[in-house]
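Okay, structure first, notes after.
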Amino acid sequence: LLFSWLFVYKDKQPELEQKQVEEQQLRSTFREKHLKAVNLEIYEQQLKDIERSFGALLRQLPGKTEVPSLLVDISQTGLAAGLEEKLFQPANEEKKDFYAELPIKIRLSGSYHEFGEFVSGIAALPRIVTLHQIEIKPDKGTYDQLTLDLVARTYRYLDDEEIAAVEGERRKKDKKSKKRGAAAAEG
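Residue numbering for the sequence shown follows the numbering used here, beginning at 56 and increasing consecutively.
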């Protein structure tokens with residue numbers, strides 16, 4: 056018995072320990088996958104809910120043809136609040152994954168309460184408009200007037216061709232960065 060243990064089992068002991076560790080890993084992986092499989096219906100329902108809410112948000116983004124009228128709406132909101140428009144300067148679009156941001160530099164002059172009315176009016180627009188880099192300072196030469204500088208950002212969804220173009224540009228950049236990384240590693 057001692058000889059069989061020395062010659063057979065002793066040599067196989069490390070392999071047995073390795074297989075036991077592997078078995079525990081496989082059991083753990085099985086438990087994780089089993090939990091996911093059990094909850095699959097819940098996950099699928101969550102995915103449907105997310106897609107529905109994403110679709111609702113996406114409908115709030117104007118298309119290419121709606122952006123000019125949205126710019127007019129933003130400008131009209133300031134005028135309706137009684138503000139004097141000193142600057143309204145749309146900048147170049149910044150394309151992201153599936154949408155584009157259109158930043159607009161705005162400078163308005165008026166009272167604090169008119170600024171509040173303007174911000175409320177922007178919030179009430181049917182499209183998504185966010186306000187950034189807000190700065191309020193006294194208007195030179197008057198005691199009750201203020202100047203509001205800000206960047207309004209509106210968003211629009213990209214059509215399929217634009218999304219393909221954005222992805223193509225991203226792939227080109229990735230290839231260039233990989234080549235630079237490989238060249239740096241070699242050098």
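A virtual CB, placed ideally from N, CA and C, is assigned to each residue, including glycine. Computed from a predicted structure; not experimentally measured.
Following the DSSP letters along the chain, one finds S164 inside the beta strand (DSSP E) bounded by residues Y154 to G165.
Judged by DSSP secondary structure, D128 falls within the alpha helix (DSSP H) whose first and last residues are V122 to A135. D194: not part of any beta strand (DSSP E); DSSP gives it neither H nor E. Membership of D204 in the beta strand (DSSP E) is indicated by the continuous run L201 to Y212.
In this structure, the beta-carbon distance from L112 to L138 does not fall below 8 Å.
Counting only runs of 4 or more residues that sit fully inside the stretch 63–92, no alpha helix (DSSP H) segment turns up. By the beta-carbon neighbour count (other beta carbons within 10 angstroms, threshold 16), R226 is exposed. Between K91 and V76, the alpha-carbon positions lie close to 23 Å from each other. Between V206 and K160, the C-beta spacing is below 8 Å. Going by DSSP, L180 is part of no beta strand (DSSP E) at all; its letter is neither H nor E. CA-to-CA, the gap between P145 and K88 works out to about 50 Å. Per DSSP, the unbroken beta strand (DSSP E) holding K141 starts and ends at E139 to P145. In the structure shown, the three-state DSSP call for K150 is strand.
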